[in-house]
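Everything below concerns the one structure shown next.
There are 2 protein chains.
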Amino acid sequence: MKPRTDQNVHAIILAGGSGTRFWPLSRETCPKQMLQIVGEDTLLRQTIKRIISFVPPENIWIVTTEDLAQDLRFHIEALGSFTKGIQFIQEPFGRNTAPAIGLAAIYLNHLSPKSVMIVMPSDHAIPDPEKFLDDVRLAVQGAKGDYLVTFGIKPNRPETGYGYIKVDPSLKMELRGLYKVEGFFEKPDLETAKRYLSEGNYFWNSGIFIWKTSAILSEIAKHLPSLYRTLMEIKSLLFPPDGSNKLDRLNALIDPLRLNRVKDYYSRLESISIDYGIMEQSRNTLMIPATFQWSDLGSWSALDEIIEKDGAGNIFKGNTIDLESQNSIIFSGERLIATIGLKDMVVVDTPDATLVTPKEKAQEVRKIVEKLKQTDREEHLLHKTVERPWGSYTVLEKGNGYKIKRVVLKSRARLSLQLHRKRTEHWVVVAGIAKVTKENETYLVRTNESTYIPMNTKHRLENPEEEPLQVIEVQNGDYLEEDDIERFHDDYGRKDHRPRS
Amino acid sequence: MKPRTDQNVHAIILAGGSGTRFWPLSRETCPKQMLQIVGEDTLLRQTIKRIISFVPPENIWIVTTEDLAQDLRFHIEALGSFTKGIQFIQEPFGRNTAPAIGLAAIYLNHLSPKSVMIVMPSDHAIPDPEKFLDDVRLAVQGAKGDYLVTFGIKPNRPETGYGYIKVDPSLKMELRGLYKVEGFFEKPDLETAKRYLSEGNYFWNSGIFIWKTSAILSEIAKHLPSLYRTLMEIKSLLFPPDGSNKLDRLNALIDPLRLNRVKDYYSRLESISIDYGIMEQSRNTLMIPATFQWSDLGSWSALDEIIEKDGAGNIFKGNTIDLESQNSIIFSGERLIATIGLKDMVVVDTPDATLVTPKEKAQEVRKIVEKLKQTDREEHLLHKTVERPWGSYTVLEKGNGYKIKRVVLKSRARLSLQLHRKRTEHWVVVAGIAKVTKENETYLVRTNESTYIPMNTKHRLENPEEEPLQVIEVQNGDYLEEDDIERFHDDYGRKDHRPRS
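See below:
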């Protein structure tokens, strides 16, 4: 392994995505970056693995929303204890990439004015981590010369879904492979895309950027002055000269008054991308033709670029049975998906929702999610199985006055000490041994035994063994939502009443 | 209501269908005739309702397989107590329509040599019962003249999926609307079908027949002599001259030796349809152009003919959300099916399996079912919800060592007094009040209470109230199949260990 870079180099992982493009596999509470769509781990965890040999954990920063931060913290901890060093930066609201990157620049620039940031989306597929790091090393060299550096992807088709970067090969910099950028161009029509492809000096915009924090802040001051002024106000709240700031473990301000002022500033920011707001305006940009394979996984149909297909051009995952389909993508879980004679179709199945669409319409799934949001439904919000730091729960059925969950506790994990005002719980242990606390009593419940938790009773469920514990929980009551919970002690530092238990 | 016909007229409802064409909604244990696909009731119950004002219940005979008979008996009882009079005839094995109709003819001919039978498939859609009965009255007149009478459907398109009947309009019989048949023709190619359509004297073969039992037996003797000989052997076993036969309540022989001989004869019969074996051969056939609307619902795409479509030509049922689909059929239940831009597609969702296919390939679903049968799977066999005479049960989850069911008991219904050798059961009542028998003890379990049934313990679950009872059952054990049951008393006369409880 090559040596890590110097301590001033940081990786900023943008992980605020809202999870609409890969619905129904992605949900608001489980966006695309938390999915294992390609490769052996989730996209976010792969992104961390990709960069961890280049920057130390404490120089990795996950930029995400307040809603997602805690879940992402639990999500990345599965990678190992080294992830404890990884830092978080919370966007109070989603305002696209320019404000998010500006906010991260403030944090890093406060640490060191010499800091360099590698900006990486958390939801791209890059199957060649070694080549990626080689290119990143080169980019860091370029960034130290105060340039804004980006990666361009050599196009292999006249794609109309990406922005393009034009370089002038005669303006090649001294460093091998760094080109002066002549311009950024928005998504073209097919005719134009074909011309770009044939001319040879146009590249796809990868959305991966490397620059000094001082350089990007100076470009923001120049091209987005209003954003710059707001960022400076936020900086004075986050990092006052008297050092009176206090940040929580996810790097948000603890003082609610100051935090609210940050939120207020942020809420008024214009939603604008770094590409449109800075890269297209700046005259100070370099591009490296990427040597690594890349896909931004913009929609279900993008899997074609990155997953190996069978002889008929199909991608099958999970429980499927097929007759003579072609060029189709069939993603299933445990339920059976049977397909006959499909052509260029996408079918995605999850326990509570299924999507069927031609590939060419796959990007319109956003409109389905919009429609769902306008109703009282939950299919855009939650999965039936919800991962928790102690394990997971799956809603098996909701009925009138009852709800049934399968609760799985990891080795030696326990839920918070809690009570419910509006429901009782029957627990039947179907695997392992449960340690149950009920007010002042503590007892074991073994496989094939059951116990009962009345309303208004402090209780805790714990797995005292190495093997996983599985409990079937039958809840009874008129109100069965997750926010009917009062916590008295939690191993994971959770205090709020959000959808977790 | 017009008066019923004379007591010698019987309706024979062919209900042996194996339920492959409408998979995944149909299953082996829930074939098409038990589905409510079109109209307000299941196809079989609609078939009974259609004829019940013309023949009395005791003149209605359901011809089906041994496997399905008991379930169909429970299925039709939902129509009311009059169905107690409806009779069953069991085919020991499926051998297509000629043997099934021959077997029915034996039963009826034994009752009266003058008997007339109206042969009706149980899985066709006929939305005009009044017109149907008018045509049936005419057909019975024709049948009394010793003719084989059938209904022809006026074609409205060059359909290649049906057989055709050719009539010579100059050979019209004296009775209004009865034509002498010139010939039966197998499913044509498109060119031929177009010619049939333009010539005007070709009709679709409806598969509905009316004749005297003596007439059909005489035609069988002539054209299928081997079948005739076997039928006579079976007749001598079923109805020996000394009157020593005893039939059970589903009209099967009680004496196992005799029953086995019937099965043995039947098993050796050639599988042949009445159309091919008799109708195409006989010179003694009349056809009535049907005045009623008709569809044989041969596949999912046939719903187009019989269900009203929206402005874009779509049929939606259940929990669906769509963007801009056209001419598609989307059948869902409680899970969400989201579709975008489909054209001429069929999507059918059930709790454990989903089918996606272009309409033009819908008939190939049979091949999917064949593939499933070759594996250890159950998706072709059972639904997750299984109807029972006392209510229903739904398998919510099967896991390693446990199974969870929601059990719903109708008003004042009860399961059999039973025990299990290999599993325990935890019951949590989530609606209603349960009366539980456990060995010599009987007690009530109310909503939000639970009880426990150990292995090898005689028990019974009963709903003593008017309102439905809902119980969540968590089974524990190494073996959790339905055949681990010993019955001591059953309100529904069930004794065997087949998949019911």
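If you read the sequences in order, they're chains G and F. Okay, so the first sequence: first residue is 0 according to numbering that gives the first Met the number 0, each after it adds one. Okay, so the second sequence: first residue is 0 according to numbering that gives the first Met the number 0, each after it adds one. Don't be surprised by glycine CBs; every beta carbon is placed ideally from N, CA and C. Computed from a predicted model, the values in this text were never measured in an experiment.
C-alpha gap between residue i and residue j, whole angstroms
i, j, result
"F:Arg493", "G:Gly15", "60 Å"
"G:Val355", "F:Val37", "24 Å"
"G:Gln86", "G:Tyr201", "36 Å"
"F:His496", "F:His419", "Its pLDDT being 45, under 50, F:His496 is placed unreliably by the model, and nothing is read from it."
"G:Trp22", "F:Lys165", "54 Å"
"F:Gly18", "F:Val62", "15 Å"
"G:Gln512", "G:Ser331", "Missing from the structure shown is residue 512 of chain G; chain G here goes from 0 to 500 and no further."
"F:Ser298", "F:Met119", "18 Å"
"G:Glu185", "G:Leu216", "23 Å"
"G:Met454", "G:Thr423", "5 Å"
"G:Ser500", "F:Trp426", "Only weak support exists for where G:Ser500 lies, its pLDDT of 45 falling under 50; the coordinates are left without a value."
"G:Pro498", "G:Glu481", "Only weak support exists for where G:Pro498 lies, its pLDDT of 44 falling under 50; the coordinates are left without a value."
"F:Pro289", "F:Asn447", "Residue identity differs from the one stated: residue 289 of chain F is Ala in this sequence, not Pro. Between F:Ala289 and F:Asn447, the C-alpha separation is close to 57 Å."
"F:Glu307", "G:Ile273", "51 Å"
"F:Lys342", "G:Ile367", "18 Å"
"G:Gln325", "G:Asp188", "27 Å"
"G:Ile509", "G:Leu416", "Any answer about residue 509 of chain G is impossible in this case: the structure gives chain G only from 0 up to 500."
"G:Thr338", "F:Ile403", "29 Å"
Beta-carbon neighbours of residue i, restricted to chain G and to distances below 7 Å
i, result
"F:Thr28", "The contacting residues do not exist; F:Thr28 stays about 17 Å from chain G at best."
"F:Ser213", "Correct list: empty, because the minimum Cβ distance to chain G is about 46 Å."
"F:His425", "Val427 and Ser449"
"F:Arg405", "Glu396"
Residue range of the unbroken beta strand (DSSP E) whose run includes residue i
i, result
"F:Ile50", "Note, F:Ile50: premise wrong, no beta strand (DSSP E); alpha helix (DSSP H) at Leu42 to Ile50."
"F:Ser205", "Tyr201 to Lys211"
"G:His9", "Val8 to Leu13"
"F:Leu132", "Careful: F:Leu132 lies outside any beta strand (DSSP E), inside the alpha helix (DSSP H) at Pro128 to Ala142."
"F:Met454", "Note, F:Met454: premise wrong, no beta strand (DSSP E); not H, not E."
"G:Ala104", "It is not in any beta strand (DSSP E) - G:Ala104 instead sits in the alpha helix (DSSP H) that spans Thr96 to Leu110."
"G:Val115", "Val115 to Pro120"
Residue i - partner residues in DSSP beta bridges
i, result
"G:Asn475", "G:Tyr401 and G:Thr423"
"G:Arg486", "G:Gln417"
"F:Lys434", "F:Leu443 and F:Glu461"
"G:Arg26", "G:Cys29"
"G:Leu248", "Note that residue 248 of chain G corresponds to Arg in the displayed sequence, not to Leu. Looking at the DSSP assignment, G:Arg248 forms no beta bridge with any residue, so it has no partner."
"F:Gln325", "F:Lys342"
"F:Glu185", "For F:Glu185, which the question treats as bridged, DSSP gives no partner whatsoever."
"G:Val261", "Answer is none; G:Val261 lacks a bridge partner."
"G:Ser449", "G:Val427"
"G:Leu147", "G:Thr284"
"G:Gly390", "G:Arg387 and G:Leu408"
"F:Pro357", "F:Met344"
Listed by chain order, chain G residues near residue i by CB distance under 8 Å
i, result
"F:Val180", "Under the 8 Å cutoff, chain G gives no residues; its nearest Cβ is about 37 Å from F:Val180."
"F:Ile336", "Ala352, Thr353 and Val355"
"F:Ile367", "Ile320, Leu322, Ala337 and Ile339"
"F:Ile328", "Near F:Ile328 there are no residues of chain G at all, since even the closest Cβ is about 12 Å away, more than 8 Å."
"F:Val444", "Near F:Val444 there are no residues of chain G at all, since even the closest Cβ is about 12 Å away, more than 8 Å."
Distance cut-off 7 Å: residue i Cβ against heavy atoms of the ligand FAD
i, result
"G:Leu268", "Ligands displayed in this structure: none; no statement on the ligand FAD is therefore possible."
Per-residue contacts from residue i into chain F (C-beta, under 9 Å)
i, result
"G:Thr319", "Within 9 Å Cβ-Cβ: nothing; G:Thr319 doesn't reach chain F, min ~10 Å."
"G:Ala430", "Gly398, Asn399, Gly400 and Tyr401"
Interface partners of residue i on chain F, CB under 7 Å
i, result
"G:Lys245", "None at all; the shortest Cβ gap to chain F is about 45 Å."
"G:Lys360", "Ile339 and Gly340"
"G:Val346", "Val355"
"G:Lys370", "Ile320"
Alpha helix (DSSP H) segment containing residue i, residue limits
i, result
"G:Asp66", "Glu65 to Glu76"
"F:Pro224", "Pro224 to Leu237"
"G:Tyr364", "As written in the sequence, residue 364 of chain G is Val, which differs from the Tyr given in the question. That run of the alpha helix (DSSP H) goes Val364 to Lys372."
"G:Ile305", "Leu302 to Ile305"
Closer than 9 Å at the beta carbon, the chain G residues around residue i
i, result
"F:Glu464", "None at all; the shortest Cβ gap to chain G is about 16 Å."
"F:Val435", "Going along chain G, no residue has its Cβ under 9 Å from F:Val435, so there is no contact; the nearest lies around 15 Å."
Quiz prompt | Proximal residues, the segment 446-457 of chain G versus chain F, C-beta separation under 9 Å | solution = Thr446, Asn447, Glu448, Ser449 and Tyr451
Quiz item: Looking at chain G, which residues of the segment 62-86 of chain F have a Cβ within less than 8 Å of any of its Cβ atoms?
Solution: none
Exercise. Below 9 Å between beta carbons is the criterion; list the residues of the segment 287-304 of chain G that meet it against any residue of chain F, in chain order.
Key: none
Quiz item: According to a CB-to-CB cut-off of less than 7 Å, which residues of the segment 470-481 of chain G neighbour chain F?
Solution: Ile471, Val473 and Asn475
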